[in-house]
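So the protein lines, in turn, are chains A and B.
Residue numbers in the first sequence follow numbering that gives the first Met the number 0, run continuously in steps of one, and reach 704 at the last position.
Residue numbers in the second sequence follow numbering that gives the first Met the number 0, run continuously in steps of one, and reach 704 at the last position.
Here's the structure, in structure tokens; my notes come after.
There are 2 protein chains.
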Amino acid sequence: MNDPSSEDQRDPLDNFFSPQSVAIVGASSKPGKIGHELVRNASQYQFEGQVYPINPNAETILGLKCYPSISDVKERIDLAVYVAASNILPKLVEEAGARGVKNAIIVSGGFKEMGEEKASYEEQLVTIARRYGMRIIGPNCIGVFDSTSRLDTFFYPHDRMVRPNPGGLSFVTQSGTFGLTFLEWATDSRLGIRRLVSLGNRCDVNEIDMVRYLGRDQFTKVIALHLESLSDGRQLIKETREVTKTKPIVVLKTGRVEGSKAARSHTGAITGSYQVCRSIFKRSGMILAESFEELFDISKAIEKQPPSKGRNVTIVTNAAGPSVAAADLCHERDLSIVNYSKETLDKLHSSLPPYAVIGEYVDLTGSATREDYQQTFKIILEDPSINAILNFIVFLNPPLSPDVVDSIAQVQEHGKPIVCWATGGEFSRQLITKLEEAGVPTYPTSERVVRAVEGLIEAGMRKEWPLPKSADSKRDLANSVFRKVFSEGRDMLSEIESKEVLRSYGIETTTDYVAKTDSEARSYSSRLGFPVVMKVLSPDIIHKSDLGGVVTNVGDPEEAARTFKEIVERIQSAKPDSRIEGVIIQNQLSSGVEVIIGSTVDKDFGPVVAFGLGGVFVEAFKDLSYGLAPLFEAEASEMISDTRAARLLEGFRGKKPIDIKKLADIMTKVSFLVSEQPIAEMDLNPVIVSPEGCAVADARIRVKK
Amino acid sequence: MNDPSSEDQRDPLDNFFSPQSVAIVGASSKPGKIGHELVRNASQYQFEGQVYPINPNAETILGLKCYPSISDVKERIDLAVYVAASNILPKLVEEAGARGVKNAIIVSGGFKEMGEEKASYEEQLVTIARRYGMRIIGPNCIGVFDSTSRLDTFFYPHDRMVRPNPGGLSFVTQSGTFGLTFLEWATDSRLGIRRLVSLGNRCDVNEIDMVRYLGRDQFTKVIALHLESLSDGRQLIKETREVTKTKPIVVLKTGRVEGSKAARSHTGAITGSYQVCRSIFKRSGMILAESFEELFDISKAIEKQPPSKGRNVTIVTNAAGPSVAAADLCHERDLSIVNYSKETLDKLHSSLPPYAVIGEYVDLTGSATREDYQQTFKIILEDPSINAILNFIVFLNPPLSPDVVDSIAQVQEHGKPIVCWATGGEFSRQLITKLEEAGVPTYPTSERVVRAVEGLIEAGMRKEWPLPKSADSKRDLANSVFRKVFSEGRDMLSEIESKEVLRSYGIETTTDYVAKTDSEARSYSSRLGFPVVMKVLSPDIIHKSDLGGVVTNVGDPEEAARTFKEIVERIQSAKPDSRIEGVIIQNQLSSGVEVIIGSTVDKDFGPVVAFGLGGVFVEAFKDLSYGLAPLFEAEASEMISDTRAARLLEGFRGKKPIDIKKLADIMTKVSFLVSEQPIAEMDLNPVIVSPEGCAVADARIRVKK
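Put into structure tokens, the structure is as follows:
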């Protein structure tokens, strides 16, 4: 089979997957050598295109005429695949470029991954590619597999590795081993594959190209994506937001450990971390997998089943133990096990034998027959409140006929997703394979079944990103503050300046005065009304409260005057060389929940906004969520509800709930601020939120240098 | 083979596993019937004991003479296995009891699990068992499997289910399906099994009996335990603490969802919850598995490998992707990937080919050969800092000879545990089987490999429970408070009374006075020194602060007098019918971390102590840990470090750390208090902990009725 797209519609990347001719540069006559196995796999199995082995020292390889150089091939070459030492590769690729070859896959390693020196070969490759308008996959990868053209660029022999059948899943990965494993698991569980790309070092073609390309590919129903690092996080999110409007992407990020860097703010400490990536991926339309197995399981479910229209599930089982475990998980993960309607219950009771336990769900017990399963499915499929079915089955029980597989498969005619738990030895395995051949994704543990259903639910959710209203801001005011800071060569804004900037973006803060003397403290505090908060104002002091530079609950003018002197004394004795510019006097907000709204320029994603519980809890609980700035509408509310802190804001034990919309509004405004202004890091901590409103009580902004 | 224990050493439970004669009551002539399959499995395979089918309507079954009743068998019967309707079972079991049979397994269901009415049959069974000194397993179970006697009481035909080989693992489960699945997975991965018990409804023999029994069994190396509910949590913990001194127990708890009950304290709301169970299991010497797969994986690792002597691991790999994921997990789960010594590094660099990447660990890349693996193992096994090896292997790569399996297996000669990642299709599966046959536990995902190694580390930890020092308490004082409360028919102690009780157990509290008038408020507050906290004292008000009944930071005598009046007014208007006994005036503790120490009588475990972050955070974060009261030495500190709140206590950002020992001491004293006094629920919230000390600021105690 050839790719069905006609010549003039072809994408420049198509020739990686459905070339009509392939040159294998570095072909070898020696079995076991990678250059030999590549020729064998391309020429002796199902790929029908021309194969040209290139090697100056051989006449023929595996019966094919061998060419000394790619320049010696007269026919058109759609794709060149390379296995050669990194130092000679630039020359070899240049030959192909000069010859008009537009697509190259470099399987060999020995580049960037070996250190600085070898990285230069990779740079040369990129220069050559740019010059000739070539695209390169790799180096250091296993290349591609296409289930239609049947081309692969693997060095795994066919007798060791069975290639999977065609289907709707495409997998993009940075790991050759994960690529290989995915395909072998797919073959085993009868999961149809469309395409695989192993990206390797990504000197040219990267995950963004591939997401865009496979997003357009009509035969790709779902994209699985595995990344160890991001080429350009912001661009990737932009692309996935587009693609996921019509096609699910399941994503796994590994390589999560980064040396933690010293940073001057809470939020700054987390740049490039998995926590940020995870949080932003979740809000990018992608379905987040936490492990390779989850990536595979969820993708498989989506490839085989329709998405679920909601979180209401039910269980049908003859395996009590695993079903109990699954019910636990449903509750933990917020899947709702449907209460059967009176009608459904009546039908179940009148149709099923007495051994069936009809409770939270239907347990047909070890006595279950095929007919029992059939009856149960028939009844529950008529219940409109059920969105998806979790089916558990022990095939070994003597009363159960193996053709129960057909009854399970028939459920699919009703358009509701079904996912199955089954496991065991050889006998069960054969029936599981039948089940999977019939399209029912089957898993050996309760956890995997539930996660797969959750994936189907996520796949069924509408992905839209309405633009947020532009913040109405007085940018001039903010601009002038930043100009002043830059002109003075500072990198930090004072608390007073920070709050001016915030207010210019419409963000409410406390009212702050700076007292230079105790008598100013007396008069400003009277003007504000009591109680007030007093804080030292000094460019040299970052953690004010650690040095006794913050006093709350100041109750009257005399106390304010006294406190002024005490703060100044404490700071002078604790840090004699610090410049004290005065003492800030601000209104003390009525008690509320202290949250942090922060921002940093993430190395992968650029400006991001963080939200979480404030104060000391930021560090102890790391209960933060993140979003790309500027935030889309509804994104801020999602960020809030993603934290455990959200429960504090919901108002429990008789307290009034917080106005989440108001808090979200501040977050959105912050996201505009950090997108538009030269801000490197920002901590608004605490922001006091209460039923009465939200206001920033302390703020710290560091500018970009 | 017969069980090696001689007749006079036999335990009353031995006949469940190695009987010399078995009667099958309810035997059937009809293939496919459970009563038929049981006879076939017992008589036609490897079990060598006598089998007596019992059925009044058959002459012979499967060539064996059939008896109308168990009374008609003249020979000794060691074990009776039952398949019959629940209503006739009491009579049938009575016949066996009268005949001197001491062990019965009831496979059939139709008892407690079907509701109240049928539960009575189960009670009758127990009465009969007591009368005749019989022990009963079941009903509603799949019974037992013994790998030495080769007896099983399953209805799964041998052609559908291959029984596993003998080995050191015994599995006790409340789920037949999990029992079956465990054995099938064991067969597949060449895990040797000693015994299986499916407990079913546990009318007599329960998990405590089995843990004790298998704890003494010299052929059981590790016990896997799965429970859906607990027969007697406290007794189980007592038993597991004994057994785990010498033998690992891996435990899984399912059935975690309970309808949440209304309760009057934070701590009371969690009785019978998984959170309590999990926390207490962790401190009972058992290794906690969160899923069935984890239960299997960890048990398998322990059965096959020696325990790990520490958390220092290394990785050897030709599979970069999964190794990167494993390194992530090691970091997340606090396993330390060893930094190689200079010597080890030198040896690796000089012995391995240039393609090997020697970094955080050894990545031999896709070019790896058997010799590379061998060299690497040789070198790292000489490094004394490495406790365990995580080996990753893709078998498909052409340069790798399949006999690398032997090199991996040989690592075991050095006594350090090795666990392997490998997966794939048929080719790989065969090599994985060889690897597992050679004793190397192998898993298809990074998560499972890392968790297995973690299990080996936990298995290597010494389990000891030194007795705590008895608290020096003035019990008389506490006793008199409780007497007073009971005599007045109350169920709650006042805050004042609660603190008296606490102080009598040596637990520091705030100093509290009760002011009845504003002028008393003035004088008491002056006596205490400022600031003070003032709280309404009323038996009718539980959540004082919600009604404005608590004021902190009262700064001088006049404010105290004013506050007295304000509190009384607020409470009178909010809840006019409440009895106000006065206003408590107490010293305000210097700022510290607010924690909760609580206690409840758990339905499974009896008195338990809870610890976590206090205030509103208890409900939002559910960051609580639990321990059985009274706590053993070191248990309180473990409970503290189990919470995320622990990080707040460690003192970060320049703050002084809390005296954890002092806090642990309070928890231990609390645990004595709740063990000795008639306390149903107790919340000490907040307990203020600071570098200066710990004291209880508020306390609520409810008595047992």
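The beta-carbon is built from N, C-alpha and C at its ideal position, and this holds for glycine as well.
- Looking at C-beta atoms only, is the number of pairs between the stretch 330-337 of chain B and the stretch 429-445 of chain B that lie closer than 8 Å three or more? With the cut-off at 8 Å, the stretch 330-337 of chain B and the stretch 429-445 of chain B do not touch.
- Could you tell me the distance, in whole angstroms, from the CA atom of B:Glu649 to the CA atom of A:Leu190? As a position in the second sequence, residue 649 of chain B is number 650, starting the count at 1. As a position in the first sequence, residue 190 of chain A is number 191, starting the count at 1. For B:Glu649 and A:Leu190, the distance between alpha carbons rounds to 50 Å.
- Report the three-state DSSP secondary structure of A:Gly258 (helix, strand or coil). Numbered from its first residue, the first sequence carries residue 258 of chain A at position 259. Summary for A:Gly258: the model assigns pLDDT 42, below 50, so the residue's position carries little reliability, and this model does not support an answer.
- Item | Chain-ordered chain A contacts of B:Glu36 [CB-CB under 7 Å] | Against the second sequence, residue 36 of chain B aligns to sequence position 37. Scanning chain A for C-beta atoms nearer than 7 Å to the C-beta of B:Glu36 yields Pro397, reported in chain order.
- Message: Can you find the residues in the same chain that come closer than 7 Å, C-beta to C-beta, to A:Arg282, ignoring five residues on each side of it along the sequence?
- Response: Stepping through the first sequence from its first residue, residue 282 of chain A is reached at position 283. For A:Arg282, where only same-chain residues beyond five positions count, the Cβ hits under 7 Å are Gly626, Glu634, Glu637.
- Item | Extent of the continuous alpha helix (DSSP H) to which A:His330 belongs | Here residue 330 of chain A refers to the residue found at position 331 of the first sequence. It spans 319-331 - the alpha helix (DSSP H) in which A:His330 sits, taken as one unbroken run.
- Using a C-beta cutoff of 8 Å, does A:Thr152 count as contacting chain B? Taking the first sequence and counting its residues from 1, one reaches residue 152 of chain A at position 153. For A:Thr152, the closest Cβ of chain B is not nearer than 8 Å.
- Message: If I measure Cβ to Cβ from A:Gln373 and keep anything under 7 Å in the same chain, skipping five residues before and after, which residues do I get?
- Response: Taking the first sequence and counting its residues from 1, one reaches residue 373 of chain A at position 374. Apart from the 5 residues on each side of it in sequence, A:Gln373 sits with its Cβ closer than 7 Å to the Cβ of Ser406 in its chain, given in chain order.
- Mind checking whether A:Asp362 and A:Ala324 have CB atoms under 8 Å apart? As a working mapping, residue 362 of chain A is identified with position 363 in the first sequence. As a working mapping, residue 324 of chain A is identified with position 325 in the first sequence. No, the Cβ-Cβ distance between A:Asp362 and A:Ala324 is not below 8 Å.
- Message: So for A:His35, helix, strand or coil by DSSP?
- Response: To locate residue 35 of chain A, count along the first sequence from 1; it is residue 36. Helix, per DSSP.
- Query: Straight-line CA distance for B:Val594 to A:Tyr512?
  - Reply: Residue numbering aside, residue 594 of chain B sits at position 595 when the second sequence is read from its first letter. Residue numbering aside, residue 512 of chain A sits at position 513 when the first sequence is read from its first letter. Across the structure, B:Val594 and A:Tyr512 are spaced so that their CA atoms are roughly 36 Å apart.
- What residue from A:Glu675, A:Gly438, A:Phe631, A:Ala451 has the CA that sits closest to A:Tyr504's CA? By one-based count along the first sequence, residue 504 of chain A stands at place 505. Relative to the Cα of A:Tyr504, the nearest Cα in the group A:Glu675, A:Gly438, A:Phe631, A:Ala451 belongs to A:Glu675.
- First through last residue of the alpha helix (DSSP H) which encompasses A:Trp184: Along the first sequence, one-based indexing puts residue 184 of chain A at 185. Its alpha helix (DSSP H) spans residues 175-187.
- Message: With DSSP as the reference, identify every bridge partner of B:Gly605, one or two as the case may be.
- Response: In the second sequence, residue 605 of chain B corresponds to position 606, counting from 1. Looking at the DSSP output, B:Gly605 bridges to B:Asp601.
- Message: Which same chain residues end up closer than 8 Å to B:Ser146 when comparing Cβ atoms and leaving out the 5 residues on each side of it in sequence?
- Response: Along the second sequence, one-based indexing puts residue 146 of chain B at 147. Here the set comprises Arg162, Pro163, Asn164, Pro165, Gly166, Gly191, Ile192, Arg193, Arg194.
- Item | Residues sharing a beta bridge with B:Thr59, DSSP | Residue 59 of chain B sits at position 60 when you count from the first residue of the second sequence. The partner list for B:Thr59 (beta bridge, DSSP) reads B:Lys64.
- Message: So that I know if they touch, is there some Cβ in chain B lying closer than 8 Å to that of A:Arg255?
- Response: Reading the first sequence from its first residue, position 256 is the one you call residue 255 of chain A. Yes, its Cβ sits closer than 8 Å to a Cβ of chain B.
- Simplified DSSP assignment, three categories, for A:Val161: As a position in the first sequence, residue 161 of chain A is number 162, starting the count at 1. A:Val161 falls in the coil class under three-state DSSP.
- Could you check which residue in B:Leu198, B:Gly459, B:Lys101 has the C-alpha nearest to that of B:Ile136? For this step, residue 136 of chain B is matched to residue 137 along the second sequence. The shortest C-alpha separation from B:Ile136 is found at B:Leu198.
- Query: Pick from B:Tyr360, B:Arg211, B:Tyr51: whose alpha carbon is nearest that of B:Val312?
  - Reply: On the second sequence, position 313 is the one that residue 312 of chain B refers to. Checking every option, the nearest Cα to that of B:Val312 belongs to B:Tyr360.
- Message: If I follow the unbroken alpha helix (DSSP H) through B:Cys202, where does it start and stop?
- Response: As a first step, residue 202 of chain B is located in the second sequence; it is residue number 203 there, counting from the start. Segment: none, B:Cys202 is in no alpha helix (DSSP H) and carries neither H nor E.
- Query: At a Cβ threshold of 8 Å, is A:Thr186 touching chain B?
  - Reply: In the first sequence, the residue the question calls residue 186 of chain A occupies position 187. Output row for A:Thr186: interface = yes.
- For B:Val21, write down the residues that DSSP places opposite it in a beta bridge. Along the second sequence, one-based indexing puts residue 21 of chain B at 22. B:Val21 is bridged to B:Val50, B:Leu78.
- DSSP three-state assignment for A:Leu363, whether helix, strand or coil: Residue mapping note: residue 363 of chain A aligns to position 364 of the first sequence, counting from 1. Judged by DSSP in its simplified three-state form, A:Leu363 adopts coil rather than helix or strand.
- Message: Suppose you measure from the CA of A:Ile279 to the CA of A:Lys299; what does that come to, to the nearest Å?
- Response: Indexing the first sequence from 1 puts residue 279 of chain A at position 280. Indexing the first sequence from 1 puts residue 299 of chain A at position 300. The straight-line gap from Cα to Cα measures roughly 24 Å.
- How is B:Gly132 classed by DSSP in three states: helix, strand or coil? Here the question's residue 132 of chain B lines up with position 133 in the second sequence. Judged by DSSP in its simplified three-state form, B:Gly132 adopts coil rather than helix or strand.
- Query: Comparing the C-beta of A:Thr313 with each C-beta of chain B, is any distance below 8 Å?
  - Reply: Along the first sequence, one-based indexing puts residue 313 of chain A at 314. For A:Thr313, the answer is no, since every Cβ of chain B falls outside 8 Å of its Cβ.
- Compare the C-beta of A:Met160 against all C-beta atoms of chain B and say whether one is closer than 8 Å. As a position in the first sequence, residue 160 of chain A is number 161, starting the count at 1. Look at A:Met160: its C-beta is under 8 Å from a C-beta on chain B.
- Item | Short CB-CB distance (under 8 Å) between A:Pro165 and chain B | Taking the first sequence and counting its residues from 1, the one referred to as residue 165 of chain A is at position 166. No, no contact with chain B.
- Message: Can you check which of these residues, B:Ile301, B:Gly548, B:Ser598, B:Val356, is closest to B:Lys415 by C-alpha distance?
- Response: Within the second sequence, numbered from 1, the residue matching residue 415 of chain B stands at position 416. Nearest of B:Ile301, B:Gly548, B:Ser598, B:Val356 to B:Lys415, Cα basis: B:Ile301.
- Answer yes or no: do A:Ile566 and A:Val550 have a C-beta to C-beta separation smaller than 8 Å? To locate residue 566 of chain A, count along the first sequence from 1; it is residue 567. To locate residue 550 of chain A, count along the first sequence from 1; it is residue 551. It is a contact, given that the beta carbons lie within the stated cut-off.
- Item | Neighbourhood of B:Glu121 by C-beta, 6 Å cutoff - its chain only, sequence neighbours within 5 removed | Translated into positions along the second sequence, residue 121 of chain B becomes position 122. Excluding residues within five positions, the ones whose Cβ falls inside 6 Å are Phe110, Lys111, Cys202.
- Taking B:Phe200 as the reference, give the member of B:Pro247, B:Cys140, B:Ser479, B:Gln217 with the closest Cα. Indexing the second sequence from 1 puts residue 200 of chain B at position 201. Correcting the residue identity first, residue 200 of chain B is Asn in this sequence and not Phe. Out of B:Pro247, B:Cys140, B:Ser479, B:Gln217, B:Cys140 has the C-alpha closest to the C-alpha of B:Asn200.
- Query: Would you report the Cα separation of B:Ser42 and B:Gln49, rounded to the nearest angstrom?
  - Reply: Numbered from 1 along the second sequence, position 43 holds the residue referred to as residue 42 of chain B. Numbered from 1 along the second sequence, position 50 holds the residue referred to as residue 49 of chain B. Taking the straight line joining both Cα atoms gives about 8 Å.
- Query: Ordered along the chain, which non-local residues of its own chain (more than five positions away) have a Cβ less than 8 Å from that of B:Tyr212?
  - Reply: Position 213 of the second sequence, counted from the first residue, corresponds to residue 212 of chain B. Asp10, Leu12, listed in sequence order.
- Would you be able to state if there are at least three C-beta pairs under 8 Å between the stretch 596-612 of chain B and the stretch 225-242 of chain B? Yes: at least three Cβ pairs fall under 8 Å.
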